[in-house]
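Heads up: the structure comes next, in structure tokens.
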Amino acid sequence: MAKLKTFAYICIGFAMSLVTSKMMNLEQSIIAIASLPFIGLLHEILHFMMINAVKAQYKLVVRGFYIGFNVNVERIEDFIAIALAPQAISLFLAMLYMFTYSNVLLVLMFIHIAISLEDLHKSIKYARQVLY
-16 MAKLKTFAYI
-6 CIGFAMSLVT
4 SKMMNLEQSI
14 IAIASLPFIG
24 LLHEILHFMM
34 INAVKAQYKL
44 VVRGFYIGFN
54 VNVERIEDFI
64 AIALAPQAIS
74 LFLAMLYMFT
84 YSNVLLVLMF
94 IHIAISLEDL
104 HKSIKYARQV
114 LY
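Numbering of the sequence shown is given in the working numbering, commencing with residue -16 and proceeding in unit increments.
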């Protein structure tokens, strides 16, 4: 079930990106695709920075295209902070888009959200436990 959920997240995210990519020309598409490894690396760096900030135990996991961290935390709030830290990228891309109206930035924001869907889902799931 977990693999199916992850697959669904990826499909939804890339479908959003495909729809918005119709607004870009070939040069813009190449720029967006070339930016993806940098955004992925920055995403994991932000997770790592927050892992160190909350002093969580972690293990780096690399399985195929999946690169990420397995973390052990004492508080659910720490996990949520770790999971949501990379959303700074989405916010930054959204703010840049508001100033530039660059379709490349819009597509990159949607792709980053697609990459982050599992983090977002787990954060909501655990936040509900804290609230209720």
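Quick reminder that beta carbons are idealized off the backbone N, C-alpha and C, glycines included.
Short Cβ contact (7 Å threshold) for residue i with residue j
i             : j           : result
alanine 80    : leucine 67  : First, the amino acid is wrong: residue 80 is tyrosine here, not alanine. No, Cβ-Cβ distance for tyrosine 80 and leucine 67 is not below 7 Å.
asparagine 53 : valine 44   : yes
alanine 15    : leucine 100 : no
alanine 36    : valine 56   : no
Closest residue to residue i among the options (Cα-Cα distance)
i                 : options                          : result
isoleucine 96     : Tyr41, Pro69, Met78 and Tyr115   : Pro69
isoleucine 34     : Gly47, Gly51 and Ile22           : Gly51
cysteine -6       : Val113, Ile107, Phe93 and Ser106 : Phe93
phenylalanine -10 : Lys38, Val113, Pro20 and Ile98   : Ile98
alanine 64        : Leu1, Tyr49, Phe31 and Gly47     : Phe31
Beta-carbon separation (whole angstroms), residue i vs residue j, contact threshold 8 Å
i                : j             : result
phenylalanine 62 : tyrosine 109  : 6 Å
isoleucine 22    : isoleucine 59 : With 8 Å as the limit, isoleucine 22 and isoleucine 59 do not qualify as a contact, their Cβ atoms being about 27 Å apart.
Start and end residues, alpha helix (DSSP H) containing residue i
i             : result
asparagine 53 : Where asparagine 53 is concerned, there is no enclosing alpha helix (DSSP H), although the beta strand (DSSP E) it sits in stretches over 49 to 55.
tyrosine 80   : 70 to 83
lysine 42     : Counting along the chain, lysine 42 falls outside any alpha helix (DSSP H), though it belongs to the beta strand (DSSP E) covering 40 to 46.
methionine 33 : 9 to 36
tyrosine 115  : From DSSP, tyrosine 115 is part of no alpha helix (DSSP H); its letter is neither H nor E.
methionine 92 : 86 to 98
Own chain partners of residue i with C-beta closer than 6 Å, once the 5 adjacent residues on each side are dropped
i             : result
lysine 42     : Asn53
methionine 7  : Asn86
aspartate 102 : Ala66
serine 106    : Ile63, Ala66 and Leu67
Cut-off 7 Å between Cβ atoms - residues of its own chain near residue i, not counting five sequence neighbours on either side
i            : result
glutamine 11 : Asn86 and Val87
valine 2     : none
Residues of its chain near residue i, where Cβ-Cβ distance is below 8 Å and the 5 sequence neighbours each way are ignored
i            : result
leucine 29   : Ala68, Pro69, Ala71 and Ile72
histidine 26 : Pro69, Ile72, His95, Ile98 and Ser99
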